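Colleague:
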Amino acid sequence: MTPEALFSLANMLAVLGWLALLAVPFRPAANLWLAGRIIPALLAAIYLVLIIWRLPGSDGGFGSLAAVARLFADPWVLLAGWLHYLCFDLFIGAWMCRHAAARDLSRWRVLPWLPLTFLAGPVGLLGYLAMLGRRQP
């Protein structure tokens, strides 16, 4: 399998989880199992394999921006970085849905933050946390 083919497969998996969250954000089958556990676990497992396989022999490192750029010059390591984003953003989106449901918030209060979390993870999380205002997280 090529990095491009695995990239496409991982993206399809993540989109499946996001569609479930958008369609039924407060249903445990969507926000706990599919988007909160199963898909993130699959993405994390692939990430782990890539990191064990490619990171030790890769040029670069985490000590400077230039070293990170050299590290991500390897397409497999770059793919691992992308899987990191897909996994964590989806996991956070599912957490936001569970958090809102546990506090009896309207689904309409969480739905606007899901696309932002999908596209720009920390921005969506920041928006959701700001929306909560003074409510306890």
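Residues in the sequence shown are numbered consecutively from 254, following this note's numbering.
All residues carry an ideal CB built from backbone N, CA and C; glycine is no exception.
Please read all numbers here as calculations on a predicted model, not as lab measurements.
1. Tell me whether residue 371 sits in a helix, a strand or coil according to DSSP, three-state version.
2. Could you give the DSSP three-state label for residue 272: helix, strand or coil?
3. Please state if the CB of residue 328 and the CB of residue 256 are separated by a distance shorter than 8 Å.
4. Return the first residue and the last residue of the alpha helix (DSSP H) that residue 291 is part of.
5. Over what stretch of residues does the alpha helix (DSSP H) that includes residue 357 continue unbroken?
6. Checking 8 Å against the spacing of the C-beta atoms, do residue 267 and residue 303 come in under that value?
7. Suppose the cutoff is 8 Å on Cβ atoms and the five residues either side in sequence are ignored; what does the same chain contact list for residue 285 look like?
8. So the candidates are 319, 324, 320 and 299; which of them puts its Cα closest to the Cα of residue 311?
9. Kindly indicate which three-state DSSP category residue 342 falls into: helix, strand or coil?
Modeller: To lay it out plainly:
1. Per DSSP, reduced to three states, the secondary structure at residue 371 is helical.
2. helix
3. yes
4. Where residue 291 is concerned, there is no enclosing alpha helix (DSSP H), given that its DSSP letter is neither H nor E.
5. Segment: none, residue 357 is in no alpha helix (DSSP H) and carries neither H nor E.
6. no
7. 347 and 351
8. 324
9. Correct three-state label for residue 342: helix.
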